[in-house]
Each structure stands twice: as structure tokens, then as C-alpha cells.
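Below: one structure, written as C-alpha cells.
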Amino acid sequence: MSYPGKVEAVSGPLEHSTRQRAPYGRTGDRSPFRQVYDGPTYYGRNTVKPSPFDWKIALYIFLGGLSGAAEIIATVADFDGNPALEDTVRQGRYLALVGTLAGPPLLIAGLHTPSRWYNMLRIFRGTSPMSIGSWILTAFGGFAVATAAAQGGLDTTNPVRWPRLRRILRGSARVLQVPAALAGAGMSVYTAGLMAATSTPLWAAAPRLLAARFAAAAMAAASAALSLGARRHHRIAAAERLEDLTALAAATELVMARASNEVYRQRGVDTALHEPQFRLFYSGGAELIGTAVPLALYVANRVTRHPSNRLAWAGGLAVMAGSAALRLSMMYAGNESARHPEPYLAATQSERTSP
Amino acid sequence: MTVHARARDYPQSEFEGPIPNESELTAGSRIVPGRSYGFFTDTTRCIGCKACETACKQWNALPADNMALTGDSYDNTGALSASTWRHVAFIEKIGTGADRATEMPPYQSNWLMMSDVCKHCHNAPCLEACPTGALFRTEFDTVVVQQDICNGCGYCVPACPFGVVDLSEVDGKAHKCTLCYDRLKGGLEPACAKACPTDSIQFGEVEHLQRAAEQRVADLHQRGVPNAYLYGTPGAPGATGDLGHLNAFFLLTERPEVYNLPPAPTRASNRTLPSLISGLATVASLAAAAALLLGGRPGR
């Protein structure tokens, strides 16, 4: 963009007058496609403000995604009618309660005026992913609890004494799980939209890739959790199918991760990701432990003659840990990217469409 | 600015109450609900007196903050915050040693001062992000946080492309410039614009201000300030990325980043739908894969 009169408006003396500070950016990476900002800043002060969100919101994003995706897998498994997965259907419906029960307390604790939490349900605003999400969480909560309640009835009633009641419960669970699963899809996705629809440079750089990544991470974590549940009950056949699904989701997540890292690099908003703590949680946690390592473990288990129960457990736990690390590191690295002017000014040099 | 004819009706120096439609006398603009009001901040007229900061704090009863020296020129305010709704930025270009400027071209060429404020965007990302409806558009086309509704979720803070909105640690609510909503309702010009001794901050109807600003830019170009330009008028830097125009816009003489303004900010809510669709498509694909992987007879 050019300014009338003077394009290279900033001349020498300006740099002398502002206090000397090292520019926040990765030096050395000067590839032609990388957009870096090395122009003047206002005393190195941030241009946008970081969000006040912390680990509570990040944990909710993880648990919400886990629960939403668990409901989806349970519903799909139920309609598939595979008797080997009956236990998985049951566990998935209960797992969906985690986000429902832990979500609201975490979110309310994240508010700065928690006593007014109910104002979230005062309006619906289609431009605000937080408003959309409040209603998704409400709907998911209602349907997931109802589905789990029906499942609970099935698990506690005597089949011989209550055959009619059990038919009604089974039918209700089957009907209720459909809206629960649809809301569950929203649960695993809207949080990415929430982060993308901000001016935080790292979150805004790749809205589509971020959502695809969160969706894959949610599906991976839920199917990993359910595969571990199946292994606990020694239902190896079901566990192996769920592990295939986990591997597919983790592979999707890995592809999206590589693609978004390239976008972050080109946009010059990746600086925070190179700081030691984010290298640990983002590159090490979310990418390596969350996708690459479990993929290797699952593949190893598939090709050997004697699949190892321990490797499968390690893979499942790694996927879940990585899924949580992805949300935590994106949350804190995004906030960090907003604390410095350079990433935001690099991203707002010109109007560009974001992938 | 010429004195309004109605000014002759008030020769006394003390008043019993507010003058009806006082803004007509002080800003040359009558405040009528349904019209768009805003600020035109002309940085070439700013002398860095911070009367706007003080008047804003006084009228809005905002607490003092950062009682220390920053070392950043005369800017000890630092940034807009929950308790600072006007912020005067100081950029020294005088240089040091051999580079020290010995000549001064006209207007603010060696020392830039700019009174920053909420831009009251046409498509305001903070308002679009607010899940409670606390942030709303007033009858004066300004954007205001309703303090009795805000629950301090803080989503407006990262949504703002200019880093204006802030959460108060004291009361746990989001705060920002209201364009003196209460004063506008009473027919008064906003406190900062009224206090500005050089008319660097001008208050009025946005369309009138835009026309005046364009005239000012043309005038400055003629007087030997070729680098004067507007930030936040339709089609100009700042009014990018579907934000529409900014109701509070600026006349600048350096690139926007120098004043800590983004050259091409964007409307955050435009990223909502693409993001949700992409995510839901991924979920749908993986659910379809799950149906294939989990179905069929038991065992392999």
C-alpha cells in the first residue's frame, strides 16, 4: 500500500529516536515468500491486545471437542449396528458428559463477572462464534445428558423385569443421540472459529486450517479415548477399529498442522511458536506426541504379527495428550503473538484472503 | 471556525444549567438521533497537550493509571486501556548527534503527536463478537458497552483490530470510549473534542467531517505537506478488510505503523463462516470414515 506523497515515509532519524530494542522476529528466515515486518513500531508496543483467555478456556476447548466427537462416534457406531461396538456406544455416550458437566464451570470461571454468566443466553449473534458456541453448548448439554440418561436407564434396569421400558429407553437414546451428535460436531469446531474470528495474528492467519485441525484433533482424542475404553474391557477387535479411526484423524491433523505452519511462516506470525515453551508444547506436544508418534505406534502395531497392548495404550494416551497440548499451545502462543507489534503488522500489511 | 449566531444569546459567563444544543455553539453541529457522529483527529494540529486525555478522564470519572515515566518521549500513558479512552502518542524524529535535525519543515514533521481513540468502526468487530449484546450501536451510530450487561467474557478484546477495548481488573467489565454517549444525549460535544485547544480533535457528523478532512488534506498538500493523508475514510488505509469506514478517523503524515495503527486491518467476523464450514466438513468426512471403519461384522 502506498501513501500519497511519500511511500518510504520513515527516514533515518526516527530509528534513532525510538529506544533501541531487538525486533521481535525470527532472524535468518528471509525466504522470498515470508512476509516479515521490520518497519517502525511504536516503542515496540503491541498494536492489538491479547485475549484474556487462559488454560481454563483451553481445557474447555479440549474437553468440549473430546465430548462432542465422542457423541459423534457413539452415534455412528450405534447406527452401524456392529455388536462388537455396543460397549463403545455406551462409553461414548457417557464420555460426552465430560464436556457437558466440566464445560460450563470452566467457562464461567473464565468470565470476569461470573455472576452474569446467563447473559450469554440473552441474545443470539450469528457474527459471534462465542454466541453461536453458547447455544451449541446449551443444545449439546441438553441432548447429551438426555442420551446419557437413557443409556443409564438401560444400564441399570433388569432386562427381564422391564422389557418395555428398555425398548422405550433404547429408542429414545437412538433418537436423542442424533441432535446430540450434530451439536457435538459444533462443539468440536466452533472453538476454532472463536479463535479465528479475532485480530490475534496467530489465530486469524489460517481460519479454515485451524478449524480442520481442531476438528481432526477432537475426533482423534475421542476415538483414542474410546479405544482405550475398549482395551480396558479387553474388546480388542473394537479397539483396533477405533485405533484405525484415531490414526486417520491424527494423520489428517498432521497434514493440517504442516499446512498451517507454512501459512504461519509465510505470514510472519509464527514467531511465538519458536519460543522455547511453545516449541515444547506445540511442536513437541501437539505435533510430535499428538500425531507423529501415535501414528508410528499404530502403524507398527498394524504391521507386526503380535500387536502390543502397551503400544496401543501409549498411542491412545499420546493422542489425547497431544490434543490437549494443541489447544493449550494455540491459546498461549496466540496471546503471545498479540503482545508484540511485529506479527500483527506483518499480517495487516495488505488485504489478503486467508486459507 | 466562525462563531455560531446563537452564541450571542449567551453573553453571561456563568450558567444555571446546560445550554440547549450546546454542541451547535462549540462544534458547529447539532446532535440529532439517527445521524452518524464521530471524530476527525487531525494530527498536524496536535500539540501534545493531553487536554483530551484529562477531559476524558474527568468527565467519565476514569481512574489515573500508570503513575510512572515510560521513557517513551512524553508518552507516559502508553496505550488505550479500560481506564484510558484517549491516548496521545508522541513520536520524536529530531534524531541524535550528527543526525540531529537542524531544519524544521512546516507542521508536525519532526515531532509527531496523535490523539488515539476508539474508531467506532462502521462494522465494529467488538460489537460483532459480543455474545451478550452488551456492546451495541447507539442512535448516534457509535459503539458503546452497556456496563449493566457486560459479563466480562473478554471476547471483544482480541476482536478489536486496533487494540482499543480492554477489560478492567477492577470491575471485571469491558471498557472503551463511548464517544461521550451521555453528553451526546444532552446535546453536548464529547469532552475530548470540546477540550482540544487547537481543534485537532473535531466532533461532528461523519459525512461533514469527511468532507472537511479531504479539504484539509488538499490544503496541506498545497502548503507543502505532500505526505498528509486520511486514515479511516472510505477507501483509505484503516478502512480496509470490510470494516467499512471508521467513524473516528485521522489525518496522518507518516505510515500508519508509526502511530501504532495497522495499515490494512480486517473485520474479524468474516472469518467465522469459512472456519466453521471447514471444520464441519472435516468432522463430516471423519464421521463418514468412522461409519466405514466401525461398521460391518465383528472382528477382522
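If you read the protein sequences in the order shown, they are chains A and B.
Just add 60 to wherever you are in the first sequence, counting from 1, and you've got our numbering.
Just add 20 to wherever you are in the second sequence, counting from 1, and you've got our numbering.
Even for Gly, the Cβ is constructed at its ideal location relative to N, Cα and C.
Can you tell which of the options has its C-alpha closest to the C-alpha of residue i?
i: residue 351/A; options: 374/A, 363/A and 364/A; result: 374/A
i: residue 229/B; options: 28/B, 59/B, 52/B and 34/B; result: 59/B
i: residue 209/A; options: 258/A, 193/A, 181/A and 155/A; result: 155/A
i: residue 118/A; options: 408/A, 381/A and 401/A; result: 381/A
i: residue 155/B; options: 161/B, 111/B, 141/B and 170/B; result: 170/B
i: residue 397/A; options: 260/A, 266/A and 177/A; result: 260/A
i: residue 71/B; options: 233/B, 311/B, 64/B and 213/B; result: 213/B
i: residue 257/B; options: 82/B, 274/B, 241/B and 244/B; result: 274/B
i: residue 94/B; options: 204/B, 53/B, 131/B and 157/B; result: 131/B
i: residue 280/A; options: 325/A, 133/A and 103/A; result: 133/A
i: residue 294/B; options: 402/A, 271/A and 177/A; result: 271/A
i: residue 436/A; options: 237/A, 215/A and 323/A; result: The structure shown does not extend to residue 436/A, since chain A is modelled only from 61 through 415, so no value can be given for it.
i: residue 165/B; options: 183/B, 143/B and 197/B; result: 197/B
i: residue 194/A; options: 376/A, 174/A and 250/A; result: 250/A
i: residue 290/B; options: 203/A, 316/A, 136/A and 186/A; result: 186/A
i: residue 313/A; options: 292/B, 303/B and 269/B; result: 303/B
i: residue 299/B; options: 189/A, 176/A, 234/A and 216/A; result: 189/A
i: residue 404/A; options: 244/A, 238/A, 264/A and 177/A; result: 264/A
i: residue 206/B; options: 29/B, 37/B, 26/B and 27/B; result: 37/B
i: residue 153/A; options: 343/A, 317/A and 237/A; result: 237/A
Report the rounded CA-to-CA distance for residue i versus residue j, giving the unit in angstroms.
i: residue 395/A; j: residue 150/A; result: 38 Å
i: residue 87/A; j: residue 328/A; result: Residue confidence is low: residue 87/A scores 48 on pLDDT, short of 50, so the model does not pin down where it sits. Its coordinate-derived value is still stated next. Looking at the two C-alpha atoms, the distance is approximately 11 Å.
i: residue 223/B; j: residue 48/B; result: 9 Å
i: residue 107/B; j: residue 122/A; result: 39 Å
i: residue 101/A; j: residue 305/B; result: 44 Å
i: residue 75/A; j: residue 104/B; result: Note on residue 75/A: pLDDT 43, under 50, position unreliable in the model; no value is reported.
i: residue 311/A; j: residue 353/A; result: 11 Å
i: residue 231/A; j: residue 283/A; result: 24 Å
i: residue 162/A; j: residue 359/A; result: 34 Å
i: residue 102/B; j: residue 256/A; result: 24 Å
i: residue 249/B; j: residue 41/B; result: 32 Å
i: residue 175/B; j: residue 172/A; result: 11 Å
i: residue 267/B; j: residue 228/A; result: 60 Å
i: residue 262/B; j: residue 303/A; result: 44 Å
i: residue 213/A; j: residue 226/A; result: 8 Å
i: residue 314/B; j: residue 298/A; result: 8 Å
i: residue 119/B; j: residue 388/A; result: 47 Å
i: residue 357/A; j: residue 125/A; result: 23 Å
i: residue 185/B; j: residue 138/B; result: 8 Å
i: residue 51/B; j: residue 384/A; result: 53 Å
i: residue 390/A; j: residue 406/A; result: 19 Å
i: residue 410/A; j: residue 238/B; result: 25 Å
i: residue 73/B; j: residue 189/B; result: 20 Å
i: residue 504/A; j: residue 198/A; result: This structure does not reach residue 504/A, given that chain A is present from 61 up to 415, and the question cannot be answered.
i: residue 301/B; j: residue 65/B; result: 53 Å
i: residue 347/A; j: residue 139/A; result: 32 Å
i: residue 292/A; j: residue 281/B; result: 56 Å
i: residue 196/A; j: residue 248/A; result: 10 Å
i: residue 143/A; j: residue 137/A; result: 9 Å
i: residue 301/A; j: residue 162/B; result: 56 Å
i: residue 306/A; j: residue 111/A; result: 32 Å
What residues are listed by DSSP as bridge partners for residue i?
i: residue 136/B; result: 107/B
i: residue 131/B; result: 112/B
i: residue 269/B; result: 60/B
i: residue 250/B; result: 271/B
i: residue 274/A; result: Bridge partners of residue 274/A: none, in fact.
i: residue 163/B; result: 157/B
i: residue 150/B; result: Answer by DSSP bridge pairing: none, since residue 150/B is not bridged.
i: residue 141/B; result: 266/B
i: residue 101/B; result: 104/B
Proximal residues, the segment 148-172 of chain B versus chain A, C-beta separation under 8 Å: Sequence-ordered contacts of the segment 148-172 of chain B with chain A read 148, 149, 150, 151, 152, 153, 154, 169, 170, 171 and 172 [C-beta pairs closer than 8 Å].
Quick one: complete alpha helix (DSSP H) runs, 4+ long, within the segment 317-370 of chain A? 353-363
Along the segment 289-309 of chain A, what residues have a CB closer than 9 Å to any CB found in chain B? 297, 298, 300, 301, 302, 304, 305, 308 and 309
What are the uninterrupted segments assigned as beta strand (DSSP E) that are 3 or more residues long and contained completely in the segment 31-62 of chain B, given in chain order? 57-62
Short-range partners of chain B found in the segment 329-362 of chain A, where Cβ spacing is below 7 Å: none
Only counting runs of 3 or more residues, tell me where the beta strand (DSSP E) segments fall wholly within the segment 172-231 of chain B, in order along the chain. 221-225
Going along the segment 176-200 of chain B in order, which residues come within less than 9 Å of chain A, judged by CB to CB distance? Those would be 177, 178, 179, 180, 181, 182, 183, 184, 185, 186, 187, 188, 189, 191, 192, 193 and 194, in chain order.
Where the segment 397-413 of chain A meets chain B: residues whose CB sits under 8 Å from a CB there: 398, 401, 404, 405, 408, 409, 410 and 411
Give the residues from the segment 171-188 of chain A that approach chain B closer than 7 Å (Cβ to any Cβ), ordered along the chain. 171, 172, 173, 176, 177, 179, 180, 182, 183, 185, 187 and 188
Please name the residues in the segment 102-132 of chain A whose beta-carbon is closer than 8 Å to at least one beta-carbon of chain B, in chain order. 102, 103, 105, 106, 107, 108, 109, 110, 111, 112, 113, 129 and 132
Taking any Cβ of chain A, which residues in the segment 254-266 of chain B have a Cβ under 8 Å from it, in chain order? 257, 260 and 261
Chain A contacts from the segment 288-301 of chain B (Cβ-Cβ distance under 9 Å): 288, 289, 290, 291, 292, 293, 294, 295, 296, 297, 298, 299, 300 and 301
Please go through the segment 260-316 of chain A and give each complete alpha helix (DSSP H) segment of 4 or more residues, from N-terminal end onward. 261-264 and 267-292
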